[in-house]
Amino acid sequence: GEGGPFSHLKAYDLIVQAETGLCAITGTQQGPARVGVSVCDISAGMTAHSAILQALYHREVTGEGASIQVSLFDAVADWMNVPVLQHDYSSYHTVRAGVKHPSLAPYGAYRCADGKDVIFSVQNDREWVNFCEKFLKRPELTRALGFADNMERLGHRPQLDEIIELRFSELSCHEAMQELEAAGLAYGRLNEVADISKHPHVRRVEIGTPEGTVETIAPAAIFNSERPSLRPVPGLGAHTEAVREEVRAGLRARAASA
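Residue numbers 1 to 258, in our numbering, belong to the letters of the sequence shown in order.
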């Protein structure tokens with residue numbers, strides 16, 4: 001950013017992930033980890049986009065412009081509000097939990113009989129009852145000591161995981177997902193990049209490049225159910241002359257007004 005005690009320092013994505021504490025809550029108990037995509041770069045761009053839209057609306061209403069500052073650090077620090085508030089105002093401290101949720105149990109990935117992992121979530125008492133009765137086939141666990149509510153389950157997660165892992169080991173990935181859906185629970189597969197590349201729900205758009213057409217994942221927002229049309233990627237130097245002419249026009253206008 002332009003102000004603050006560290007504004008003179010260089011900022012790159014991984015450095016900012018570490019400086020904001022994001023790495024500290026990402027990874028496993030064995031150590032912190034970098035988030036797998038450049039979330040600091042992306043979040044700063046998203047924050048800038050949102051701020052520009054706010055400024056345009058402000059100008060439309062008031063006729064006044066606005067100066068906008070966005071830094072990588074501020075963008076990600078904003079996203080860290082939940083763990084920071086938990087640290088500042090409660091006795092709870094976010095822990096690294098891998099692909100398990102740090103503050104909900106059960107919520108994580110479990111290995112099926114065919115070696116594939118399924119991730120699922122229990123969000124409330126009703127879902128916990130459904131999970132015990134319909135998936136685990138263990139209705140007595142709904143009010144069992146150590147498992148009756150979320151805080152108890154967090155404190156007894158290793159014991160709970162043993163029970164859940166045994167049940168998943170009896171089912172294929174497909175069977176497990178079928179039973180989770182029948183129990184009314186949210187679930188998904190722990191996919192690899194190759195899986196998301198061919199995922200049936202992924203929307204693709206074609207983009208022209210100097211080397212040919214490529215298919216990329218479509219922008220997330222869908223307007224009026226239309227497939228977005230993206231302009232081709234310009235070749236090297238494609239806009240050089242247009243930029244030069246724009247600069248020359250500005251210099252001519254400045255000279256004429258001098």
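All C-beta atoms, glycine included, are put in the ideal place defined by N, C-alpha and C.
### Message
Taking the beta strand (DSSP E) that residue 109 belongs to, which residues open and close that run?
### Response
107-111
### Message
Can you list, in chain order, the residues of its chain with a C-beta nearer than 8 Å to that of residue 142? Leave out the 5 residues immediately preceding and following it.
### Response
128, 129, 132, 133, 148
### Query
Which whole runs of the alpha helix (DSSP H) in the segment 179-242 are 4 residues long or more, in chain order?
193-197
### Task
Locate the alpha helix (DSSP H) running through residue 74, then write down its first and last residues.
That run of the alpha helix (DSSP H) goes 72-79.
### Query
At what residues does the beta strand (DSSP E) containing residue 121 begin and finish?
Counting along the chain, the beta strand (DSSP E) containing residue 121 begins and ends at 117-121.
#### Entry: Whole-angstrom C-beta distance between residue 164 and residue 110, which should lie under 8 Å
6 Å
### Query
Which residue comes first and which comes last in the alpha helix (DSSP H) that contains residue 57?
39-62
### Query
Which word fits residue 46, buried or exposed, when buried means at least 16 other C-beta atoms lie within 10 angstroms of its C-beta?
exposed
### Task
Could you work out which residue in 35, 234, 140, 117 is closest to residue 23 when comparing CA atoms only?
35
### Message
Could you compute how far the alpha carbon of residue 214 sits from the alpha carbon of residue 227?
### Response
Approximately 16 Å, taken between the alpha carbons.
### Query
When DSSP labels each residue in this structure, what does residue 142 get in the three-state scheme?
In the three-state scheme derived from DSSP, where H, G and I count as helix and E and B as strand, residue 142 is classed as helix.
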